[in-house]
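Keeping their order, the protein sequence lines are chains S and C.
Sequential numbering from 535 applies to the first sequence in this note's numbering.
Sequential numbering from 535 applies to the second sequence in this note's numbering.
One structure is given below, encoded as structure tokens.
2 protein chains.
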Amino acid sequence: MRRVRVALAQVNPTVGAIEANARLVADQMARARALGADVVAFPELVLTGYPPEDLLFKPAFIEANLRALADLARQSRALTAVVGFVDKRDDIFNAAAVLHDGAHAGSYHKQYLPNYGVFDENRYFQAGTESPVFAIGPTLLAVNICEDIWYPTGPTSRQALGGAELVISINASPYHAGKARFRERMLATRAADDLVCLAFVNTVGGQDELIFDGQSFVFDEKGERLARGKAFEEDLVVADLDLDEVFRVRLHDSRRRKEKLASDPPARRIALPALSPRERPPLAPPEVAQLDPVDEIYRALCLGTRDYVRKNGFGHVVLGLSGGIDSALVAAIACDALGAANVTGVTMPSAYSSKGTRHDAARLARNLGIEFFSLPIGGVLKAYRRALHRPFKGLEEDVTEENLQARIRGNYLMSLSNKFGWLVLTTGNKSEIGVGYTTLYGDMAGGFAVIKDVPKTLVYQLAEHANHRAGRPVIPKSVFERAPSAELRPNQTDQDTLPPYPELDAILEAYVEGDQGLGEIVARGHDEATVKRVIAMVDRNEYKRRQGPIGIKITPRAFGKDWRLPIVNRFRE
Amino acid sequence: MRRVRVALAQVNPTVGAIEANARLVADQMARARALGADVVAFPELVLTGYPPEDLLFKPAFIEANLRALADLARQSRALTAVVGFVDKRDDIFNAAAVLHDGAHAGSYHKQYLPNYGVFDENRYFQAGTESPVFAIGPTLLAVNICEDIWYPTGPTSRQALGGAELVISINASPYHAGKARFRERMLATRAADDLVCLAFVNTVGGQDELIFDGQSFVFDEKGERLARGKAFEEDLVVADLDLDEVFRVRLHDSRRRKEKLASDPPARRIALPALSPRERPPLAPPEVAQLDPVDEIYRALCLGTRDYVRKNGFGHVVLGLSGGIDSALVAAIACDALGAANVTGVTMPSAYSSKGTRHDAARLARNLGIEFFSLPIGGVLKAYRRALHRPFKGLEEDVTEENLQARIRGNYLMSLSNKFGWLVLTTGNKSEIGVGYTTLYGDMAGGFAVIKDVPKTLVYQLAEHANHRAGRPVIPKSVFERAPSAELRPNQTDQDTLPPYPELDAILEAYVEGDQGLGEIVARGHDEATVKRVIAMVDRNEYKRRQGPIGIKITPRAFGKDWRLPIVNRFRE
């Protein structure tokens, strides 16, 4: 019987840390071997981390990755390993190496290079053209990379028609909420369409604004899921496949045979010697449950925060606690990501801060068990007023003085960052950042914007979830109930100048994620004047977003690499 | 005799301002008609402005541009006009419309889509495949777009083999220093290679970080330049071409005939009725001289500043005057770009500011004739120290207190911006921004970074040029002679922590523009420890650059759209 044990090493590499990434690969190769795996697969560009961006223009970077691959080839005795790397021929390729029993047996070059959304692969890579099949003794195996699997007539289909019974798809597939379900359905269909066992390995971890969620899969030739990897954690997924069964099923399939005749020239076949038979310890099939949608996002934010902080070499974070829901949520996420001992909260009250918000900030800090102190801004504000007295003489107070308050707070946090080496987390949400309801160099000052892609309505759900996880109201009930306010002038609330958040978020989603115009959004039942005002605010505030810190992408379109609007822009609907 | 009068309308459109851009086109069509031109050509994507970036995802944007084109077609009576626009079929195309005698006669779709450097055209457009030739009565004319002309076997060659005697290349070709000479040489060669008259029209103006320099050209079929458009200004370039001469020259060329036989299927020919003969007032051939290299850069910076300020709807700018060379240069550029009446300089002295720098700041302002005042930072700094006294108790002063000074200055300028609606210009140069010798939210606070792509050594040359232009030492001699210093602690100079600027700039150019590694740079004769230190500074400060304001690109690789490095990045050479 032709049984294959496949292992998917869902690891968390770091961009640029080529040697450390290679050690991750070597460790998991050893682990897979001990588990009796015949083949172990690693994510797309695991050696360089993904996306390496313009590091790919550095010849020294490419060479370092090739050296690491050559080392790993030597360590692949008694095993087949599929390893993502940058191949260098007359150009560079996003590639998968097949390492087999101590040697680099062959490579596959990614054919479909994504250049939309957050992706710029045409900037760097040449596209591959070949869809080889590796015959390892009696096992017919093929490899392709990420975007390739999304095309129904792409390499997977050609490789299956070329005889492959197991196709391994290696990925660095960025997360957004709900994508995993969509991906799983597509993969199941692909396996069944092509009558092929499909092993999908995805990277895990955070890289700048991107999260990779893991959730690797193994499907049989009927599209039945045999195994699923953990979400947002490293994992080694192992499954046994019966390739004789693939052959049997294919014999019954007449559609397939006709397609084969009609197809392109047959895939090139690369023959490799079979490995000697090995002992295979029995597998306990660990079924990993799918996450609840809000829990999924919460975990994504925790992973993104942890990885950004740690991979940049920070140990401790600081954030302003206003007593509002946004900073409360960010504090809770920071604690889950880094531990309460590594989080400091600072309240920075002004004359406009209510007793309620001050009290709630303190209570939240106590509930979370984080370091907490208060730095009032009144004295510094007074000094600024004095210093600016002459040029501002005779003029009314306006947004200038509001922004100054926010900027004093930003300076306090940056001073703590400078003095103690802490990373500042900002607390702005997607709704505020969308309409520019934020102060540049004020509340936007910091290294990482944890919830920048989380609309305000979802902030509330995530905050409730944080309390649910904790099993107690870590975030005080009063924080949920108070009307959102920047507290920069007396009795100010967000709703003075913005539509209610459920309406604002619906308009923003249509405009930002949906590229819908005024007419289309109004047709969804929104007031025209409101929609016009919101759109104008989004357009007008591009310059602020351009200078804001990066943050975690959780929607199909974040204010990040997938949002490239000009600042000089006179387009009005 | 088949004579053609061609006009190249080197206009300055604004991204998104579709109606205003269409008016520009209509005006120049009328002007060209009055000058007796048979054909008038406009730049690439003149209707939308270039680059429109993600505005291209908005269906309403595409539709607005199509409506504007239809209007212009109706206005093209008794003329042929080539107009850049976004065409919409089953996908969108970067296109050139041939408007002829009141109708839209046909379109060309750009075939080579640049996706490197600052370009992302694969993100948006489908590539064209056809190279049509328009037969307008006896005149054989073809059109292609920007990148297309850079390929020796591209559309120009196919169109010439297909009979075209005049090829019009419409462009939005971004400026960097020295590019114009290179472009001119290439175009002359292309015309001579293909035995074709070549009319190259380029857009002019600033768009965010990009400058378009104009400098349109007309070449005859021998590669001789017949006309050149102005640099950094709007212009209407008109030239007469003798197409019978093209035919005569081709008769003698046997190489060409063989190639024709060996070529692809012949270009599709689109026949249009000839226009009735028109009066052609005689042309005074205005020869525009090439600029001196430093003057060229100075003018580019003026245009970029003027367009960013004006196109964003600002009238007045403010900047900090430190008494140093960088802010002096930016002030001089701002005055040339906007007029001295629209510039305010602010000196913001601290206890560490020397008498010399304070005096020089005032003298510079007086020489330029700009508004000037002083806002000392001592009082606010004292208030910050007091406010932070408790958390900083027992700790030494360090970079925290230096940054605070820079941030108070940033807040002052932003407060003036908020109160008076002025745009803040920042004054950091490329050398400082490269090594991170800048303070986030401090001297980096502002809307536009005029000299962010100008290395320090070039800052001095440009400052000398500014004095040369003015015909007197507007920038005082003492500013040139003083050792550069941030004046954030006693007796500090830049050279305390940085190598001398000529050395620093050479290392930065190799690393940033050349993607050279440690070994290669050391091999050029630099000290290894120094190179290592500089590279580490560049790598470590990516997070700062990501939050800095945009600024004008003048080198082949600026810290902008053509520099896409990850923040999480552990690659070390």
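Glycine included, each C-beta is placed from N, C-alpha and C at the ideal position.
- For C:Q995, the enclosing alpha helix (DSSP H) begins and ends at K990 to A1004.
- For S:I1088, no Cβ of chain C is located within less than 9 Å of the residue's own Cβ.
- Selection S:D1049, S:V851, S:A862 and S:Y685 evaluated against S:A875 yields S:V851 as nearest (Cα-Cα).
- Look at S:P689: its C-beta is not under 9 Å from any C-beta on chain C.
- Around the C-beta of C:G879, 16 or more other C-beta atoms lie within 10 Å, and the residue is accordingly described as buried.
- Per DSSP, the continuous alpha helix (DSSP H) segment holding S:I596 begins and ends at P593 to R608.
- For S:R657, the C-beta contacts it makes with chain C under 7 Å involve N649 and Y650, in order along the chain.
- Close to S:F595, with beta-carbon spacing below 8 Å, are these residues of chain C in chain order: F1105.
- The beta carbon of C:D932 falls within 9 Å of a beta carbon belonging to chain S, placing the residue at that interface.
- Take C:P1024, set aside five residues on each side of it, and the residues of its chain with a beta-carbon closer than 8 Å to its own are Y886, in chain order.
- Bounds of the beta strand (DSSP E) holding C:L633 are I626 to H634.
- Nearest in C-alpha terms to C:I1041, of all of C:Q1029, C:R1058, C:T1027 and C:I867, is C:R1058.
- Taken atom to atom, the span from the alpha-carbon of C:T960 to that of C:R1074 is near 22 Å.
- Less than 9 Å separates the beta-carbon of C:G636 from that of C:R608.
- Nearest CB-CB separation between C:A551 and chain S: below the 9 Å threshold.
- One alpha carbon belongs to C:V617, the other to S:P585, and they sit about 38 Å apart.
- At a cut-off of 9 Å between beta-carbon atoms, S:S887 makes no contact with chain C.
- Given a length threshold of 3 residues, each whole run of the beta strand (DSSP E) inside the stretch 649-683 of chain S is given here in chain order: 667-670 and 673-679.
- Between S:R1098 and C:D841, the gap from beta carbon to beta carbon reaches 9 Å or more.
- Per DSSP, the continuous beta strand (DSSP E) segment holding S:A805 begins and ends at R803 to L806.
- The continuous beta strand (DSSP E) containing S:S908 extends over residues E905 to S908.
- Per the coordinates, the alpha-carbon of S:M948 lies some 20 Å from the alpha-carbon of S:D742.
- With a cut-off of 8 Å on Cβ pairs, the stretch 1058-1072 of chain S is in contact with the stretch 968-977 of chain S, counting three or more such pairs.
- According to the DSSP assignment, S:L775 belongs to the beta strand (DSSP E) that extends over D769 to D776.
- DSSP, read as helix, strand or coil, puts S:Q1026 in coil.
- For the stretch 587-614 of chain C, the residues whose beta carbon sits under 8 Å from a beta carbon of chain S are, in order, E587, D588, L589, F591, K592, P593, A594, F595 and A598.
- Shown in chain order are the members of the stretch 904-931 of chain C whose Cβ falls below 8 Å from a Cβ of chain S: F907, L909, P910, I911, G913, V914, K916, A917, Y918, R920, A921, L922, R924, P925, F926 and L929.
- Taking a contact to require three or more Cβ pairs closer than 8 Å, the stretch 587-597 of chain C and the stretch 619-627 of chain C qualify as touching.
- Look at the stretch 931-985 of chain S and you find these whole runs of beta strand (DSSP E), each 3 residues long or longer: 957-960.
- For a Cβ distance threshold of 9 Å, residue set V549, G550, G583, P585, P586, E587, D588, L589, Q741 and D742 of chain S lies close to C:P1100, ordered along the chain.
- When CB distances to chain C are screened at a threshold of 7 Å, the residues of the stretch 950-979 of chain S falling below it are L950, N952, K953, Y975 and A979, in chain order.
- Apart from sequence neighbours up to five positions away, the residues of its chain that approach C:A1017 with a beta-carbon distance below 7 Å are T1027 and Q1029, ordered along the chain.
- Across the structure, S:F1105 and C:G583 are spaced so that their CA atoms are roughly 10 Å apart.
- For the stretch 1055-1084 of chain S, residues whose beta-carbon sits nearer than 8 Å to a beta-carbon of chain C comprise Y1077, R1080, Q1081, G1082, P1083 and I1084.
- Interface residue (Cβ-Cβ distance to chain C less than 9 Å): S:G857 is not classified as such.
- In the DSSP assignment, C:C731 forms a beta bridge with C:L700.
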